[in-house]
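If you read the protein sequences in the order shown, they are chains D and L.
Here the first sequence is numbered in numbering that gives the first Met the number 0, starting from 0 and rising by one per residue.
Here the second sequence is numbered in numbering that gives the first Met the number 0, starting from 0 and rising by one per residue.
Glycine is no exception: its CB is placed at the ideal position from the N, C-alpha and C atoms.
2 protein chains.
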Amino acid sequence: MTLTGKMLIGQHAISGDREAIQAINPATNTRLEPSYAGGSGAHVEQACALAWAAFDAYRDTSQADRATFLETIAANIEALGDALIDRAVAETGLARPRIQSERGRTCGQLRTFARTVRAGEWLDVRVDAAQPERQPLPRADLRQRHVPLGPVAVFGASNFPLAFSVAGGDSASALAAGCPVIVKAHGAHPGTSELVGRAVAKAVNDCGLPEGVFSLLYGSGREVGIALVTDARIKAVGFTGSRSGGVALTQAAQARPEPIPVYAEMSSINPVYLFPAALQARAEGLAQGFVASLTQGAGQFCTHPGLVVAVAGSALERFIATASQLLPGCAAQTMLTPGIFSAYQAGVAALAEHAQVVATGAAATGPNQGQAHLFVTQANAFVANEHLQAEVFGAASLVVVCANDDEVRQVCEHLEGQLTATLHLDENDLVHAKALLPVLERKAGRLLVNGWPTGVEVCDAMVHGGPFPATSDSRSTSVGTAAILRFLRPVCYQAFPDSLLPGALQHANPLRLRRLVNGHREA
Amino acid sequence: MTLTGKMLIGQHAISGDREAIQAINPATNTRLEPSYAGGSGAHVEQACALAWAAFDAYRDTSQADRATFLETIAANIEALGDALIDRAVAETGLARPRIQSERGRTCGQLRTFARTVRAGEWLDVRVDAAQPERQPLPRADLRQRHVPLGPVAVFGASNFPLAFSVAGGDSASALAAGCPVIVKAHGAHPGTSELVGRAVAKAVNDCGLPEGVFSLLYGSGREVGIALVTDARIKAVGFTGSRSGGVALTQAAQARPEPIPVYAEMSSINPVYLFPAALQARAEGLAQGFVASLTQGAGQFCTHPGLVVAVAGSALERFIATASQLLPGCAAQTMLTPGIFSAYQAGVAALAEHAQVVATGAAATGPNQGQAHLFVTQANAFVANEHLQAEVFGAASLVVVCANDDEVRQVCEHLEGQLTATLHLDENDLVHAKALLPVLERKAGRLLVNGWPTGVEVCDAMVHGGPFPATSDSRSTSVGTAAILRFLRPVCYQAFPDSLLPGALQHANPLRLRRLVNGHREA
């Protein structure tokens with residue numbers, strides 16, 4: 000299982016010819032072998048040519064074959080064994096159990112998409128039968144199914160080296176939809192990317208698929224990333240990362256002769272509302288839950304609770320006091336990369352200019368360790384100062400103290416789009432929560448009661464998305480089975496002879512799909 | 000039923016304060032009273048403020064109430080009687096029966112969306128029940144439904160003064176989704192727009208809805224149009240018109256601090272493939288059908304057959320000869336506006352520079368009459384010259400003569416995105432058609448066999464959309480019930496008490512929706 004430092008262009012391991020990077024173990028600030036030379040435009044060209052050549056054959060695979068492919072990827076990742084876990088731990092500074100559970104999530108996600116592909120609801124088959132006798136004009140037979148958009152470029156995330164990287168949610172859902180995938184590996188975990196990339200490429204070969212179904216490139220966002228997004232053969236983009244990165248890719252995609260959709264999951268501060276009765280009844284318990292959620296994984300989650308909103312009073316004071324007592328007991332934690340650590344330091348410093356620091360976690364004892372920070376500000380200050388709404392990626396959070404319900408609502412209306420909004424409430428808070436709910440539904444993709452936003456379930460009902468800047472496209476989710484819908488478009492077939500129709504649309508319904516026939520859903 | 004020349008901002012009839020336009024009867028080149036003064040940014044501001052104020056209440060209406068509203072709009076349009084027909088005929092030069100049937104289509108479309116709203120599949124309800132015992136972590140109860148995006152700006156089309164204008168497909172589907180609508184009337188038919196706008200505004204009042212659910216503005220695209228698309232309260236845009244107009248709106252929407260989706264239906268030349276056996280068997284009949292489709296409504300359809308592709312030979316010569324014999328018998332027809340007429344003249348002149356004119360329709364006998372044109376070119380010339388692929392809006396079409404099947408495929412691969420692609424084929428052509436089908440599926444939103452692309456059915460299976468530049472968003476359709484999906488986004492509710500859940504998601508399923516529960520679709 001020796002790492003080679005090579006890209007995977009189809010089934011070929013190829014060395015880049017641009018500046019090389021090495022992963023850094025953030026816990027020790029030491030470089031990890033081997034070097035990963037960046038790819039160039041020529042490598043993007045090769046990968047896109049292969050992906051395009053593979054597209055028609057890959058999208059024509061049966062639901063069963065495509066599902067088997069996804070399951071084979073999962074099995075091949077598991078077969079990497081401890082080598083994968085060791086490398087991912089070294090590259091990310093994340094704890095071993097976390098990486099192990101993330102591997103489980105990643106493979107479970109691939110198998111979930113395999114089930115989704117087999118079930119076939121994503122085809123959204125609709126049939127309107129011919130009405131030859133209709134007046135004044137007859138109606139032709141009309142049938143609709145969904146087809147994949149084309150090759151998809153996926154940009155791995157720093158904070159989920161497995162679940163949102165080479166074979167993560169974006170890749171799994173695009174492959175499930177029938178789209179070849181070209182991944183640009185995140186520079187923070189190239190070795191993990193190579194290992195997983197080889198597992199995927201092996202699955203392509205194991206399943207006898209055309210090699211262009213999957214490629215893995217290294218290199219700079221400016222060269223390889225932009226070349227990928229602007230290649231005419233790429234038809235959609237999946238990205239998880241910073242707001243500036245997501246916006247840059249979206250603008251590049253929109254400036255193409257043929258603009259394409261970009262699904263960028265970017266920035267969210269995930270407001271948590273503490274309603275009066277709940278706060279009164281259990282301020283201390285809420286503070287405990289909050290600190291645990293805030294500091295989990297060094298706060299390096301898109302859904303970490305970066306904002307707490309509540310009405311002033313003794314209960315809120317108890318919440319802040321308890322959190323402030325707990326925070327110093329929270330060890331500083333190694334962050335994913337030196338870059339993320341310094342961005343966190345800068346974000347905390349910027350917040351400190353505009354809000355009051357009420358507590359900090361234990362000081363760092365090693366390199367790149369983020370120290371938790373809790374800030375407090377008033378509602379009027381929050382609404383007046385856009386700096387207070389910027390995402391700080393890490394274990395920092397801001398409590399916004401409101402004078403009354405009106406200010407809570409103003410703070411809520413003032414927010415940009417969010418991935419999540421959390422409500423802590425008791426029976427007596429329901430009337431307040433109900434009043435705020437319409438605002439929250441406009442602001443966030445997921446609303447949750449009496450829990451914490453960290454932890455995103457992979458299931459049918461999940462929405463990991465939300466209005467800009469949480470994502471670039473609020474109509475979609477990047478986690479859960481509905482993520483497959485991002486990479487599909489409808490095609491209508493009018494008056495086709497049965498023998499020319501794809502199986503999904505044939506009269507005898509050989510794929511046994513639950514179709515919408517003449518306005519009625521089949522059982 | 001006197002026309003007032005006033006805009007409708009909510010329930011208020013308000014005169015614009017910018018340059019006024021008058022409709023022109025294109026058949027006579029005479030101006031029609033009254034004048035319609037354009038609105039300003041201040042009017043956009045008022046309409047957007049009302050729409051935003053109405054949004055939360057309107058989206059909270061029951062499926063039944065929203066359906067009744069759509070049906071009331073239809074009834075109110077019908078109640079306008081001949082006044083609407085007279086005005087629309089005068090403003091467009093379209094034949095009376097065409098306008099009458101378009102009214103039927105428009106009202107039918109509103110009633111179809113009423114049925115769609117009642118059926119509720121658009122809510123896409125998904126339920127994943129709690130698993131409190133799950134290891135290593137319990138799963139919370141997760142429920143998803145779709146909610147409307149927010150107020151929508153609709154830009155009426157010139158060529159469907161009823162079916163794709165004030166109460167046309169975009170407005171109907173946005174209102175069905177729960178979005179308030181602000182229409183910018185097309186300058187070609189302001190009187191028709193006023194009449195229909197009053198019918199919609201009356202329905203808002205009849206149904207006791209907040210007035211901001213609907214507004215109608217006049218004015219320039221540059222001032223009113225851009226102000227609408229860039230207003231922060233507008234959350235999506237529907238547009239049918241030119242490629243340049245659609246691209247300009249899309250760019251304005253993308254440049255906003257919060258980018259929003261634009262559904263622009265723009266440009267398509269709708270290739271028609273004549274396969275060898277069908278062409279051999281019935282070249283003359285195909286030519287008759289082609290000429291009828293080409294000249295229908297002066298060719299002013301997004302789906303008019305602007306390109307014919309076939310392999311050279313005596314059968315294709317018979318097709319061209321028959322079409323050339325028929326065309327001179329086709330009267331020149333009044334086009335929608337003087338501007339559209341002169342654009343058609345310019346388009347025909349541009350085509351004539353690059354391809355051979357083989358036949359023309361009868362010469363004009365009145366103002367603004369478009370004369371049909373048939374051009375011929377060779378495949379290699381077509382592929383080498385992008386001018387030959389530009390849409391000419393009107394009764395002009397280009398036959399591309401191919402040396403063999405390979406050239407047919409090259410022409411097909413060379414095409415930009417299309418709304419439709421048509422295949423004329425017999426049993427013996429199936430193998431050729433099957434080989435071309437994957438290319439066509441990548442290129443077009445609707446594929447049809449042995450028919451003509453003009454005529455777009457409003458039903459569940461319809462796709463009126465396609466890859467750029469046919470539309471700005473190939474993932475959607477602007478005709479048919481799936482058009483409602485353009486204006487919705489998913490929201491997930493985690494661990495909500497039943498009393499806080501919207502009806503669609505409550506445990507007892509009071510709305511009796513067919514939900515996806517724990518991976519299984521309810522019957």
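On the criterion of 16 or more Cβ atoms from any shown chain inside 10 Å, does residue i qualify as buried, or is it exposed?
i         : result
L:Leu-136 : exposed
D:Ser-396 : buried
L:Met-6   : buried
L:Ala-507 : exposed
L:Ala-322 : buried
L:Gln-134 : exposed
L:Thr-1   : exposed
L:Pro-96  : exposed
L:Glu-352 : exposed
L:Lys-442 : buried
D:Pro-275 : buried
L:His-463 : buried
D:Val-356 : exposed
What residue from the options has the CA that sits closest to residue i's CA?
i         : options                                       : result
D:Gly-328 : D:Lys-183, D:Ser-14 and D:Ala-371             : D:Ala-371
L:Ile-233 : L:Ile-259, L:Thr-239 and L:Val-212            : L:Ile-259
D:Lys-183 : D:Ser-292, D:Ala-162, D:Ser-214 and D:Pro-496 : D:Ser-214
D:Ile-339 : D:Gly-393, D:Gly-211, D:Gln-62 and D:Ala-56   : D:Gly-393
D:Gly-211 : D:Ala-48, D:His-386, D:Asn-449 and D:Pro-270  : D:Ala-48
D:Ala-481 : L:His-145, L:Arg-114 and L:Leu-373            : L:His-145
D:Asp-123 : L:Leu-487, L:Val-490, L:Arg-474 and L:Asp-85  : L:Arg-474
D:Pro-160 : D:Leu-373, D:Gly-103 and D:Ala-252            : D:Gly-103
For the alpha helix (DSSP H) containing residue i, list its first residue and its last residue.
i         : result
L:His-413 : 404-413
L:Leu-512 : Run containing L:Leu-512: none; DSSP gives neither H nor E here.
L:Arg-242 : 242-253
L:Ile-339 : 337-353
L:Arg-281 : 275-294
L:Ile-225 : 225-229
L:Val-438 : 429-442
L:Val-199 : 189-205
L:Phe-381 : 378-383
Could you please give me the residues that DSSP links to residue i through a beta bridge?
i         : result
L:His-372 : L:Thr-359 and L:Ala-395
L:Tyr-262 : L:Gly-237
D:Arg-317 : According to DSSP, D:Arg-317 bridges with nothing at all.
D:Met-0   : According to DSSP, which records beta bridges pairwise, D:Met-0 is partnered with nothing at all.
L:Val-310 : L:Cys-401
D:Ser-214 : D:Ile-181
L:His-519 : L:Val-516
D:Thr-421 : D:Val-271 and D:Leu-447
D:Ala-503 : BP columns for D:Ala-503 are empty, so no partner.
D:Ile-76  : D:Ile-76 pairs with nothing; no bridge assigned.
L:Gln-332 : L:Gly-369
L:Val-151 : L:Val-180 and L:Ala-235
D:Arg-30  : D:Ile-23
D:Leu-7   : D:Ala-12 and D:Leu-215
L:Thr-470 : L:Glu-264
D:Pro-130 : The residue you asked about is not Pro; residue 130 of chain D is Gln in the sequence shown. D:Gln-130 is bridged to D:Arg-138.
Starting from residue i and walking both ways along the beta strand (DSSP E), at which residues does that stretch end?
i         : result
D:Arg-142 : 141-147
D:Asn-24  : 17-24
L:Gln-523 : There is simply no residue 523 of chain L to check, as chain L begins at 0 and stops at 522 in what is shown.
L:His-386 : Note, L:His-386: premise wrong, no beta strand (DSSP E); not H, not E.
For residue i, decide whether its Cβ has a neighbour in chain B, counting only Cβ atoms nearer than 9 Å.
i         : result
L:Asn-449 : No chain B appears in the structure shown, which is made up of the protein chains D and L.
Just list the alpha helix (DSSP H) runs in the stretch 36-62 of chain D, keeping only unbroken ones of 4 residues or longer that don't cross its boundaries, in chain order.
40-58
For the stretch 88-126 of chain L, list the beta strand (DSSP E) runs that are entirely contained and at least 3 residues long, ordered along the chain.
Runs found: none.
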